[in-house]
Amino acid sequence: MLILTCPVCGVTAEETEFHAAGEAHLKRFGPGSTDDEFESYLFMRANPKGVHFERWRHNNGCGKWFHVARDTTTLEVFTSYSAQTVSPPQEVLDLIEDRRPGWSKGSGA
Ligand SMILES: [Zn+2]
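Numbering (our numbering), first residue to last: 1 to 109.
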């Protein structure tokens with residue numbers, strides 16, 4: 001069971017109060033993109049064993065979207081942060097690097 005904190009309203013609750021919506025920080029492609037770009041946007045998702053950035057919605061609360069950084073193997077939740085970001089903020093990356101020495105974004109672990 002994940003325990004998440006909504007960064008919008010500050011409520012901390014079990015994951016059943018929230019709704020997971022897949023990988024965060026996807027670059028969207030639409031009209032004018034190549035078929036490969038659009039296919040990748042629609043179907044290709046990271047599935048790391050380790051640190052993962054995800055989109056969540058506070059379904060049974062404020063209803064707002066936010067992002068969560070967590071470890072898929074240990075279920076450790078590093079932090080949650082605003083959905084109004086195109087990539088994980090530096091303070092989030094620093095926090096993860098503190099807890100996972102040697103980890104870096106893109107290392108896949
Ligand atoms: Zn909330």
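The beta-carbon is built from N, C-alpha and C at its ideal position, and this holds for glycine as well. Predicted model, so just to flag it, every value in this text is computed and none were measured.
- Task: Pull up the DSSP beta-bridge partners for residue 39, would you.
- Result: Numbered from its first residue, the sequence shown carries residue 39 at position 39. Note: residue 39 is not bridge-paired with any residue in the DSSP secondary-structure output.
- Check the C-beta distance from residue 77 over to residue 26 and give it rounded, since I have them as a contact under 8 Å. Numbered from its first residue, the sequence shown carries residue 77 at position 77. Numbered from its first residue, the sequence shown carries residue 26 at position 26. Their Cβ separation, rounded to whole angstroms, is 21 Å, which puts residue 77 and residue 26 out of contact at 8 Å.
- Kindly indicate the opening and closing residues of the beta strand (DSSP E) around residue 23. Indexing the sequence shown from 1 puts residue 23 at position 23. Unbroken beta strand (DSSP E) run through residue 23: 19 to 23.
- Item | Alpha-carbon to alpha-carbon, residue 57 and residue 36 | Taking the sequence shown and counting its residues from 1, one reaches residue 36 at position 36. Taking the sequence shown and counting its residues from 1, one reaches residue 57 at position 57. C-alpha separation (whole angstroms): 29 Å.
- Query: With 16 as the cutoff for other CB atoms within 10 Å, does residue 66 come out buried or exposed?
  - Reply: For the purposes of this step, residue 66 is taken as the residue at position 66 of the sequence shown. Buried: at least 16 other Cβ atoms inside 10 Å.
- Run the CB neighbour count on residue 71, radius 10 Å, all protein chains shown included, and call it buried at 16 or more, exposed below. Here residue 71 is taken as the residue at index 71 of the sequence shown, counted from 1. Buried, because 16 or more other Cβ atoms sit within 10 Å of the Cβ of residue 71.
- From 17, 10, 8 and 42, pick the residue whose C-alpha is nearest to that of residue 1; which is it? Here residue 1 is taken as the residue at index 1 of the sequence shown, counted from 1. For the residues 17, 10, 8 and 42, the minimum Cα distance to residue 1 belongs to 17.
- Starting from residue 91, trace the alpha helix (DSSP H) both ways and give me its first and last residue. The count along the sequence shown starts at 1 and reaches residue 91 at position 91. Per DSSP, residue 91 belongs to the alpha helix (DSSP H) from 90 to 99.
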